[in-house]
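For the protein sequence lines, the chains are Y and H, in the order given.
Residue numbering for the first sequence is 221 to 578, as defined by the working numbering.
Residue numbering for the second sequence is 221 to 578, as defined by the working numbering.
Built from N, CA and C at the ideal position, the CB exists for glycine as well.
There are 2 protein chains.
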Amino acid sequence: MSELPTIPSDLSLGEWLRGTGPDGDLAICTRVRFARNLLGYRFASLLDAEESRELSAYLVQQVGQLGLPEPLRVVELSTLTELEREVLVERHLISRELAAAERPRAAAHDDAERVALMFNEEDHLRSQVFRSGFQVDEAYAAAEDLDDRLISSLPVAFSEEFGFLTSCPTNVGTGLRLSVMLHLPGLVWAEDMEKAANTCQKIHLAVRGMYGEGSRALGDFYQVSNQVTLGRSETSLVDDVRVAVTQLIAWERKVREALLGGERRARTLDRVWRALGTLQSARILSTEECLNGLSAVRFGVQQGLIADLRAADLNRLLLLTQPAHLQRLHGAPLDAAERDTLRATLVRSVLAGRGQGA
Amino acid sequence: MSELPTIPSDLSLGEWLRGTGPDGDLAICTRVRFARNLLGYRFASLLDAEESRELSAYLVQQVGQLGLPEPLRVVELSTLTELEREVLVERHLISRELAAAERPRAAAHDDAERVALMFNEEDHLRSQVFRSGFQVDEAYAAAEDLDDRLISSLPVAFSEEFGFLTSCPTNVGTGLRLSVMLHLPGLVWAEDMEKAANTCQKIHLAVRGMYGEGSRALGDFYQVSNQVTLGRSETSLVDDVRVAVTQLIAWERKVREALLGGERRARTLDRVWRALGTLQSARILSTEECLNGLSAVRFGVQQGLIADLRAADLNRLLLLTQPAHLQRLHGAPLDAAERDTLRATLVRSVLAGRGQGA
Numbered sequence: 221m222s223e224l225p226t227i228p229s230d231l232s233l234g235e236w237l238r239g240t241g242p243d244g245d246l247a248i249c250t251r252v253r254f255a256r257n258l259l260g261y262r263f264a265s266l267l268d269a270e271e272s273r274e275l276s277a278y279l280v281q282q283v284g285q286l287g288l289p290e291p292l293r294v295v296e297l298s299t300l301t302e303l304e305r306e307v308l309v310e311r312h313l314i315s316r317e318l319a320a321a322e323r324p325r326a327a328a329h330d331d332a333e334r335v336a337l338m339f340n341e342e343d344h345l346r347s348q349v350f351r352s353g354f355q356v357d358e359a360y361a362a363a364e365d366l367d368d369r370l371i372s373s374l375p376v377a378f379s380e381e382f383g384f385l386t387s388c389p390t391n392v393g394t395g396l397r398l399s400v401m402l403h404l405p406g407l408v409w410a411e412d413m414e415k416a417a418n419t420c421q422k423i424h425l426a427v428r429g430m431y432g433e434g435s436r437a438l439g440d441f442y443q444v445s446n447q448v449t450l451g452r453s454e455t456s457l458v459d460d461v462r463v464a465v466t467q468l469i470a471w472e473r474k475v476r477e478a479l480l481g482g483e484r485r486a487r488t489l490d491r492v493w494r495a496l497g498t499l500q501s502a503r504i505l506s507t508e509e510c511l512n513g514l515s516a517v518r519f520g521v522q523q524g525l526i527a528d529l530r531a532a533d534l535n536r537l538l539l540l541t542q543p544a545h546l547q548r549l550h551g552a553p554l555d556a557a558e559r560d561t562l563r564a565t566l567v568r569s570v571l572a573g574r575g576q577g578a
Numbered sequence: 221m222s223e224l225p226t227i228p229s230d231l232s233l234g235e236w237l238r239g240t241g242p243d244g245d246l247a248i249c250t251r252v253r254f255a256r257n258l259l260g261y262r263f264a265s266l267l268d269a270e271e272s273r274e275l276s277a278y279l280v281q282q283v284g285q286l287g288l289p290e291p292l293r294v295v296e297l298s299t300l301t302e303l304e305r306e307v308l309v310e311r312h313l314i315s316r317e318l319a320a321a322e323r324p325r326a327a328a329h330d331d332a333e334r335v336a337l338m339f340n341e342e343d344h345l346r347s348q349v350f351r352s353g354f355q356v357d358e359a360y361a362a363a364e365d366l367d368d369r370l371i372s373s374l375p376v377a378f379s380e381e382f383g384f385l386t387s388c389p390t391n392v393g394t395g396l397r398l399s400v401m402l403h404l405p406g407l408v409w410a411e412d413m414e415k416a417a418n419t420c421q422k423i424h425l426a427v428r429g430m431y432g433e434g435s436r437a438l439g440d441f442y443q444v445s446n447q448v449t450l451g452r453s454e455t456s457l458v459d460d461v462r463v464a465v466t467q468l469i470a471w472e473r474k475v476r477e478a479l480l481g482g483e484r485r486a487r488t489l490d491r492v493w494r495a496l497g498t499l500q501s502a503r504i505l506s507t508e509e510c511l512n513g514l515s516a517v518r519f520g521v522q523q524g525l526i527a528d529l530r531a532a533d534l535n536r537l538l539l540l541t542q543p544a545h546l547q548r549l550h551g552a553p554l555d556a557a558e559r560d561t562l563r564a565t566l567v568r569s570v571l572a573g574r575g576q577g578a
């Protein structure tokens with residue numbers, strides 16, 4: 221058996237997994253995204269390669285002159301390997317769509333990964349701001365400040381009738397998406413999650429998995445975001461998400477109490493400790509089983525059941541056990557079976573000997 | 221000689237689980253049983269209560285005068301609680317059928333649990349001899365010696381045409397059942413067990429679970445025994461079982477090598493270590509999951525994968541986690557949920573901190 225890999229000491233988690241924000245035990249991260257398009261260019265999907273190159277270069281140059289408070293690192297995606305692009309996806313800095321596209325395109329982000337821009341994605345320009353935990357006002361204020369700087373210096377497509385024009389009609393109007401990523405193992409275990417998701421959908425909020433549209437809700441992580449962008453003010457859209465997330469957090473806390481009380485307590489403890497035992501002993505771990513196991517252990521740490529593990533270690537594992545991060549750690553591409561073995565080895569090395577009851 | 225029927229309060233394993241015999245890693249125990257009936261009494265199922273009482277008392281008294289090399293402890297089963305009878309079943313000293321019967325009946329066994337007699341079971345008298353591991357000749361010789369003493373001093377029903385007469389026609393003739401209990405996780409994991417069982421059945425051998433007829437093969441334990449008792453000499457029946465078990469042991473060893481070689485090794489290690497991790501961490505453990513987990517860990521210890529666990533500890537757990545033994549340990553009856561919790565606690569306490577790789 222090769223030596224146990226250890227987590228690189230320089231691994232930064234990025235703002236979305238920092239885990240330091242308000243309600244950070246349940247709310248992983250708040251994200252605000254604006255979709256914008258430039259006058260004088262067709263929408264991104266209609267551009268030819270030369271136009272794409274020109275647009276992307278123009279945006280990179282313009283944004284470089286904005287003098288933003290935090291300097292941005294620009295990444296030309298075509299110069300990266302597929303693996304390097306996947307790492308950016310796993311860090312939520314670019315979308316899967318942008319990573320997979322073949323046209324000239326770019327991205328930019330600051331060192332702390334609180335700001336990320338995508339150039340020539342589905343829309344010409346998408347700006348994102350992240351804040352750890354449940355920080356709707358802070359994230360929205362920062363995103364609006366960034367957006368103000370962008371639209372004041374760029375010829376942005378805006379209609380008096382519809383608002384900001386976007387490639388997909390679902391984003392027309394405000395072009396705003398506010399999303400909060402929540403960790404809701406209690407609702408899942410108590411089989412209340414479907415009801416919770418339905419409730420959100422009734423008030424026009426989307427409930428998605430960890431990697432947005434079409435992704436599965438691995439590890440009991442859910443992103444709650446606004447569906448509507450048109451015909452409402454930005455602040456009322458933000459308020460909708462804030463109210464719903466506040467209710468979901470309260471619901472999750474209440475369910476957790478129930479899961480740890482009375483007759484249900486034994487089954488809940490069993491679930492938490494088995495998950496830790498499996499993570500500490502498995503030699504082969506799929507992404508799905510790993511995330512679900514980490515979810516249960518995270519619940520156990522947060523509820524004070526497991527004394528000698530820190531949520532930060534679990535957040536690190538959450539990111540490092542993703543396929544691209546694993547391969548970057550290894551220094552070379554790995555097939556799925558090799559990844560499952562390395563994932564198990566890594567998880568064991570971090571969790572070895574842990575798990576004293578509180 | 222007829223002592224108070226007490227259940228041993230120590231945690232001795234009894235011969236069948238001592239684990240010291242030849243091929244003891246795969247062959248748990250060899251057992252030889254003879255079924256005998258007395259002249260002058262109808263078969264047990266036809267006796268009324270008074271006749272049953274008389275027969276049982278007669279047998280207890282006669283056997284007490286035999287002067288056997290190892291003194292026997294006699295147990296009047298109607299004076300025991302249901303739980304105490306279940307303990308004897310779990311130790312293989314009496315059958316489920318004898319434990320559940322309502323008629324006067326008794327049993328006797330020596331301290332080492334190498335000899336066990338049942339009075340007024342399906343047949344008037346059943347004698348059993350146990351030897352640790354794969355010891356067909358030793359077990360058969362000892363059983364024959366015991367049987368010689370019994371039939372020379374008791375009026376046993378014997379027909380020149382059919383041999384020994386028994387309550388059920390399947391035992392007529394020799395009245396012999398030779399069985400070897402095998403631990404065959406390799407064959408089960410490699411999905412060869414069904415084929416192995418079919419092969420045995422073709423040569424008229426029965427393959428049954430840990431507790432004989434009708435019991436499931438929990439924990440990958442299988443009893444292989446002769447089906448035929450009539451028209452064949454005892455030695456040829458014994459030879460059949462010996463040959464088949466020798467082949468099964470060789471098959472199991474070959475399969476284990478394959479499971480631990482090449483591409484299959486990783487999955488096998490994963491299975492062993494996950495089982496240990498689950499046993500070390502679960503807070504609720506059913507009998508079935510416990511036995512299956514112990515089976516995998518036993519495999520790991522025997523194949524030298526797990527260095528700091530002894531097979532004897534696992535054998536103890538195997539017995540102590542059975543429902544009646546658990547309740548005896550607790551000192552009071554427990555419902556199924558309480559047993560599952562106590563079982564998990566017991567297993568954790570024995571396996572805590574164990575599991576260094578070899």
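Quiz prompt | Within chain Y, partners of residue 489/H - CB distance below 7 angstroms | solution = Translated into the one-based positions of the second sequence, residue 489/H becomes position 269. The answer, in chain order, is 503.
Quiz item: Cα separation between residue 204/Y and residue 383/Y?
Solution: The question about residue 204/Y has no answer here: the residues shown for chain Y are numbered 221 through 578.
Quiz item: So what does residue 329/H bridge to, in DSSP terms?
Solution: On the second sequence, residue 329/H is found 109 positions in, with the first residue counted as 1. DSSP output for residue 329/H lists 293/H, 336/H as bridge partner(s).
Quiz prompt | Residue from 558/Y, 539/Y, 267/Y, 572/Y whose Cα sits closest to the Cα of residue 438/Y | solution = Along the first sequence, read from residue 1 onward, the residue named residue 438/Y stands at position 218. Out of 558/Y, 539/Y, 267/Y, 572/Y, 539/Y has the C-alpha closest to the C-alpha of residue 438/Y.
Exercise. Go ahead and pull the three-state DSSP assignment for residue 222/H.
Key: Within the second sequence, numbered from 1, the residue matching residue 222/H stands at position 2. Confidence in residue 222/H is poor, its pLDDT being 31 and thus under 50, which makes the residue's placement too unreliable to answer from.
Practice problem: Select from 366/Y, 359/Y, 421/Y the residue whose C-alpha is nearest the C-alpha of residue 400/Y. | Solution: In the first sequence, residue 400/Y corresponds to position 180, counting from 1. Checking every option, the nearest Cα to that of residue 400/Y belongs to 359/Y.
Self-check item: Inter-residue spacing [alpha-carbon to alpha-carbon] between residue 551/Y and residue 422/H
Solution: Working through the first sequence from its first residue, we reach residue 551/Y at position 331. Working through the second sequence from its first residue, we reach residue 422/H at position 202. C-alpha separation (whole angstroms): 56 angstroms.
Quiz item: If you compare alpha carbons, which of 494/H, 500/H, 499/H, 507/H is closest to residue 501/Y?
Solution: Position 281 of the first sequence, counting from 1, holds the residue named residue 501/Y. Taking only the C-alpha atoms, the option nearest residue 501/Y is 494/H.
Quiz item: If we cut at 9 angstroms on Cβ distances, does residue 554/H have a partner in chain Y?
Solution: By one-based count along the second sequence, residue 554/H stands at place 334. Not an interface residue.
Self-check item: is_contact[residue 561/H, chain Y] using C-beta, thresh 9 angstroms
Solution: As a position in the second sequence, residue 561/H is number 341, starting the count at 1. It does; some Cβ of chain Y falls within 9 angstroms.
Quiz item: Looking at the C-beta of residue 409/H, does it have a partner C-beta in chain Y at a distance below 9 angstroms?
Solution: In the second sequence, the residue the question calls residue 409/H occupies position 189. No, because no Cβ of chain Y sits closer than 9 angstroms to the Cβ of residue 409/H.
Self-check item: Three-pair Cβ contact test at 8 angstroms for the region 483-492 of chain H versus the region 531-546 of chain H
Solution: no
Quiz item: For residue 382/H, does the three-state DSSP call read helix, strand or coil?
Solution: As a working note, residue 382/H is residue 162 in the second sequence. Here residue 382/H sits in coil by DSSP.
Practice problem: Name the two residues that bound the continuous beta strand (DSSP E) containing residue 442/H. | Solution: Looking up residue 442/H in the second sequence gives position 222. Start and end: 441-446.
Quiz item: Shortest alpha-carbon distance to residue 506/H belongs to which of 546/H, 468/H, 519/H, 492/H?
Solution: Here residue 506/H corresponds to residue number 286 of the second sequence, with the count starting at 1. Ranking the options by Cα distance to residue 506/H, first place goes to 546/H.
Self-check item: Cross-chain neighbours of residue 498/Y in chain H, by beta carbon under 7 angstroms
Solution: The residue you call residue 498/Y lines up with position 278 of the first sequence. Per Cβ cutoff of 7 angstroms: 494, 497, 498.
Self-check item: residue 440/H classed as buried or exposed, judged by whether at least 16 other C-beta atoms fall within 10 angstroms
Solution: Indexing the second sequence from 1 puts residue 440/H at position 220. Result: buried.
Exercise. Could you name the residues that DSSP lists as bridge partners for residue 249/H?
Key: Against the second sequence, residue 249/H aligns to sequence position 29. Answer by DSSP bridge pairing, in chain order: 352/H, 401/H.
Self-check item: Neighbour-count burial assignment, residue 473/H, 16 or more Cβ in a 10 Å radius
Solution: Here residue 473/H corresponds to residue number 253 of the second sequence, with the count starting at 1. So residue 473/H counts as exposed.
Quiz prompt | residue 562/H (DSSP reduced to helix, strand or coil) | solution = In the second sequence, residue 562/H corresponds to position 342, counting from 1. Reduced to three states, the DSSP call for residue 562/H is helix.
Practice problem: Measure from the C-beta of residue 527/Y to each C-beta in chain H and report whether the shortest distance is under 9 angstroms. | Solution: The count along the first sequence starts at 1 and reaches residue 527/Y at position 307. Not closer than 9 angstroms to any Cβ of chain H, the Cβ of residue 527/Y fails to qualify, so no.
Quiz item: How would you list, in chain order, the residues of chain H whose beta-carbon sits under 7 angstroms from the beta-carbon of residue 486/Y?
Solution: Taking the first residue of the first sequence as position 1, residue 486/Y is located at position 266. Residues of chain H passing the Cβ test: 503, 504, 561.
Quiz item: Closest by CA to residue 381/H, which one among 392/H, 371/H, 387/H?
Solution: By one-based count along the second sequence, residue 381/H stands at place 161. Selected option, being the one with the closest Cα: 392/H.
Quiz item: Can you tell which of 306/H, 481/H, 467/H, 289/H has the C-alpha that lies nearest to the C-alpha of residue 332/H?
Solution: For the purposes of this step, residue 332/H is identified with residue 112 of the second sequence, where counting begins at 1. Of 306/H, 481/H, 467/H, 289/H, the residue nearest in Cα terms is 289/H.
Quiz item: Taking C-alpha atoms, which residue in 322/H, 343/H, 330/H lies nearest to residue 262/H?
Solution: For the purposes of this step, residue 262/H is identified with residue 42 of the second sequence, where counting begins at 1. Answer by Cα proximity: 343/H.
Quiz prompt | Proximal residues to residue 309/Y (C-beta, below 8 angstroms), its chain only, five neighbours per side dropped | solution = Taking the first sequence and counting its residues from 1, the one referred to as residue 309/Y is at position 89. Here the set comprises 315, 316, 319, 431, 544.
Quiz prompt | Residue from 411/H, 410/H, 427/H with nearest C-alpha to residue 418/H | solution = Here residue 418/H refers to the residue found at position 198 of the second sequence. Checking every option, the nearest Cα to that of residue 418/H belongs to 427/H.
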